[in-house]
Structure formats: structure tokens, C-alpha cells
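A short write-up of the structure that comes next.
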Amino acid sequence: MTATGLIFLGPPGAGKGTQAQVLAQALEIPHISTGEILRQAIAQKTSLGKKAQEYVERGELVPDDLILNLIRERLGRADTATGWILDGFPRNVTQASFLDDLLEELSQRADVVINLEVPDSILVTRLLSRGRKDDTEETIGRRLQVYREQTAPLIDYYRHRHKLYSVDGDRTPELVTQSLTQIMEAQPSLNSQN
Ligand code: AMP
């Protein structure tokens, strides 16, 4: 059986987590959010959590070595055999290139890369209303800057290597889900079992 690999790109507040969760349920594959894993590790004060905390609170990227170990361990688990949705990883070119190598090693691949597009002004409003600990005005500014400098270049990275779909995220969650479902249904490689 082939696995379904899906990557969500897009700035903080674009709706990656919400959409990834819905799709993961529909496709019955795990939703892997590096941000969520880090928040849990911080809450549980694990050694990863202690190392990651200051970066997360400042809106900076956590050092690559921590994240790469985490992803290697997570994608190595049995529940990813039928596929996975990555939300919040990769966040820079080093991570993307590591992921390419890791997937090759695991005989898997990213079938679809989704870029959720939302204007900055809307992102700030959304993030401020979400009220997470790293959703203060100052941290949001830094996270958007980090996104533009380090993560946005991945749009071109994936445009050249994989199927990249840009989806208008400035709509109701239901309409965004509808677009994403259509994209998934249009994947010939993913419909062989249906
Ligand atoms: P998120 O929930 O995806 O917005 O992530 C929250 C925070 O966790 C980010 O602002 C980063 O500090 C950290 N983080 C999450 N994913 C990554 C990653 N792939 N690389 C580095 N830092 C990350």
C-alpha cells in the first residue's frame, strides 16, 4: 500500500492546524504538528521542552538539530505507514532538504504540498484572537518575519520538486476544506484503493 504524504506550508495563522486536522481525520492518517509537539514538551518540562522553550516564546525557530531528531523519530513510528500530514515542518531549506533524504530512506514521498495564502493583516487579527502564549503582538511580528525570511522560500523549493497547490486561506474553514478535498480527490496516485 502506498502512503499519502502531505505538507502544509503557509504563515502562522493561515489555518494549517485546523485544515490539517480535518484532512487527517478524513484520510485516516496522523496529523504531525511540530509546534504542538513542542508545546507539549514544554508543558511536560521534558529535556526537549526545556531546550525549545525560549525559542518558541520569542517566536524564533527552534534549532534544526532538535526538530530533525523529533521528525525522524515521529516519521519512524508505525502509524505513518499509511501516510502523514506535516503541519509546521519544514520551516527552512535545511529542514526541507533533510526531509527529502529522510523520505527517500523510508521509501516514502510528499505527494502534495499545500500553500495556504492569507494576507498579513488578517493573520495578525486571527493570531491575536487565538490567544496562545506565543500570540502576543511582539512575538507575532517576529514570527511573521521569520516566516517571510526562512519559510516562504520553500514555496519555490517545492514548486520545483513537487506538486505545489496554492489555496486561498482567507475564506471560511469549510470553503478551504472544500478546496483541499478537491485537490486530494484529483490525485491519481492516491485513488488507486477507492
Ligand atoms: P506553530 O505551532 O507551527 O506555529 O509553531 C510554534 C512555534 O514552535 C514556532 O514559532 C517555533 O518557535 C516552533 N516550531 C514549530 N515548528 C518548528 C520547526 N519546524 N522548526 C523550528 N521551530 C519550530
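Taking the working numbering as reference, the numbering of the sequence shown is continuous, increasing by one, and the terminal residue is 201.
Virtual Cβ for every residue (Gly too), placed ideally from N, Cα, C.
Query, Result
"7 angstroms CB neighbourhood of GLY24 in its chain, flanking five on each side removed", "SER40, ASP94"
"Burial state of ALA48 (16 or more Cβ within 10 Å)", "buried"
"Exposure of GLY176, with buried meaning 16 or more beta-carbon neighbours within 10 Å", "buried"
"Cβ-heavy atom distance, PHE15 to the ligand AMP, below 7 angstroms", "no"
"Assumed close pair ASP118, GLY12 - CB separation to whole angstroms, cut-off 8 angstroms", "5 angstroms"
"Residue range of the beta strand (DSSP E) that includes GLY12", "11 to 16"
"Where the beta strand (DSSP E) containing TYR172 begins and where it ends", "171 to 175"
"Check: GLY176 C-beta below 7 angstroms from any heavy atom of the ligand AMP", "no"
"As assigned by DSSP and simplified to three states, the class of VAL125", "coil"
"Buried or exposed by the 16-neighbour rule on C-beta atoms within 10 Å, applied to ARG150", "buried"
"Local conformation of SER196 per DSSP, three classes", "helix"
"Simplified DSSP assignment, three categories, for SER40", "strand"
"Contact under 8 angstroms by Cβ, VAL120 with LEU16", "yes"
"Nonlocal neighbours in the same chain, by C-beta distance under 8 angstroms from ALA50, ignoring five residues either side", "GLY56"
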